[in-house]
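To start, the structure under review is shown below, and the notes come after it.
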Amino acid sequence: MGLPILKTISATVLPAIAFDTLAQATQDGKAKKTVNYRAAVRLKVDELMQQGIEQYQASLLGTALKTWQLALNISSELGDRPGEGRVLGNLGLVYNSLGQYERAIDCYEKSLAIVRDIGDQKREGRVLGNLGSVYFSLGQQQRAIQLYRQRLAIVCELGDQVEHGKALGNLGNAYFALGHYERAIEVYYKRLAIAREITDRPGESDTLGNLGNAYLKLGDYGRAIDIYGHQLVITVELGDQQGEGNALGNLGVGYRNLGHYEEAVECYQQRLAIAREIGDRRGEENTLRNLGFLFKSQEQPELTILFYGQAVKVQEEIRQDFTDRTLLRAYTEKVADTYHALADALFEQGHICKAQQILNLLAV
1 MGLPILKTIS ATVLPAIAFD TLAQATQDGK AKKTVNYRAA VRLKVDELMQ QGIEQYQASL
61 LGTALKTWQL ALNISSELGD RPGEGRVLGN LGLVYNSLGQ YERAIDCYEK SLAIVRDIGD
121 QKREGRVLGN LGSVYFSLGQ QQRAIQLYRQ RLAIVCELGD QVEHGKALGN LGNAYFALGH
181 YERAIEVYYK RLAIAREITD RPGESDTLGN LGNAYLKLGD YGRAIDIYGH QLVITVELGD
241 QQGEGNALGN LGVGYRNLGH YEEAVECYQQ RLAIAREIGD RRGEENTLRN LGFLFKSQEQ
301 PELTILFYGQ AVKVQEEIRQ DFTDRTLLRA YTEKVADTYH ALADALFEQG HICKAQQILN
361 LLAV
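FYI, in the working numbering the residues of the sequence shown are 1 to 364.
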């Protein structure tokens, strides 16, 4: 009786073993295909990330936005958390450059939550710095300083010279915003030394611009113009249109303060053309405002009204992007001087109703 039972057991167990082996082999094949698929998708995301970086550096902001949005969609579908954190950080950069601050903050905060969750300290420091820069742009300097200090602590702990240099630059900007210009210059020179030591030409360019701004505030216009000239050379060499525009705008301010108005207008016009070409609304409204201020000082009311009016138009477009009333209020307070300058110019020319209409726009 035992032998038939053994045969029965063998007949039932062996096919089951054979089936399990076949199933395992099939699963291994699927797993291998899945691994290969995920690797291929990650490679595609990396390609999109690099493509977006090249587009961003070429000041093709809208194109970079679309490229990185596609990379984010793929990373999200794949469940690639590090990839999501990285792409969200880059999206924050481009939204900030486009003057869409609320979207930039949203992207940075989502990125920050992810990089903290996965323990990526290096990227956490970077996102903290970028997030601080958005709040800085909105005039919320205390919030910005808080974020900058968190970033500086992280990069010092990691011993990362590149990020250390950037963190110093942000700290210098904070001192500058507080009116501590000599302290800012001290920090900027430390940042400049690091940039030159590691051959960080974009960082060198940015720091030269900041140094020029600090000397400008101290009334040392000649030194400021000399520094801005060095900045302009670097940006042209790098093919950095955004940086070139910033340098031209800075030179315009320097020449204006020296009373060289023709040179100032020439620089502003070049800066305005670049800003409009690359879709830099912050640069555009800033340059229009500077042109309005220059022509006001030259007692040319028609041109004053023209350029202040164009500046307010761009600022109104930026304000329309906000849905968060706190951020809208902060930005409105920051740019209110332009509205008042336009209203004053209109009032002086007898356009009282138009002046009041401009002031009414400031209501939040």
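In this text, a Cβ means the ideal position worked out from N, Cα and C, and glycines have one as well.
It should be emphasised that the depicted structure is a prediction, and the values quoted were computed from it without experimental measurement.
- When the Cα atoms are used, H180 and E77 turn out to be separated by approximately 48 Å.
- In the structure shown, the three-state DSSP call for V45 is helix.
- Sequence-distant Cβ neighbours of T207 in its own chain, meaning closer than 7 Å and more than five residues away, are G169, Y188, R191, L192 and A195.
- By the neighbour-count criterion, in which 16 or more other beta carbons inside 10 Å mark a residue as buried, K313 falls on the exposed side.
- Taken through DSSP and simplified to helix, strand or coil, H164 comes out as helix.
- A214 is not a Cβ neighbour of Q231, given a cutoff of 7 Å.
- The three-state reading of DSSP puts T199 in coil, since its state is none of H, G, I, E or B.
- By the neighbour-count definition (other C-beta atoms within 10 Å, threshold 16), Q357 is an exposed residue.
- DSSP places Q140 in the coil class of the three-state scheme, outside both helix and strand.
- The beta carbons of Y148 and L171 sit closer together than 7 Å.
- Taking G245 as the centre and dropping the five residues before and after it, the same chain places the C-beta of R271, I274, A275 and G283 closer than 6 Å to its C-beta, in chain order.
- Using a Cβ distance threshold of 7 Å, A355 and L346 count as a contacting pair.
- By the neighbour-count definition (other C-beta atoms within 10 Å, threshold 16), N360 is an exposed residue.
- Bounds of the alpha helix (DSSP H) holding E316 are P301 to R319.
- Its chain contains V41, K44 and V45 as the residues whose beta carbon lies nearer than 7 Å to that of I74, once the 5 sequence neighbours on both sides are disregarded; these appear in chain order.
- Close CB contacts of N257 within its chain, under the 6 Å cut and outside five residues either way in sequence, are with Y221 (chain order).
- Sequence-distant partners of Q50 (beyond 5 residues in either direction) whose C-beta falls short of 8 Å from its own C-beta are missing from its chain.
- Here the alpha carbon of G89 sits roughly 9 Å from the alpha carbon of E109.
- DSSP places D226 within a helical segment (H, G or I) once states are collapsed to three.
- For the pair Q121 and I154, the Cα-to-Cα distance works out to about 7 Å.
- Here Q349 carries a coil assignment [DSSP, helix/strand/coil].
- Distance from the CA atom of G279 to the CA atom of N96, rounded to whole angstroms, is 12 Å.
- Counting along the chain, the unbroken alpha helix (DSSP H) around G62 starts and ends at L61 to L78.
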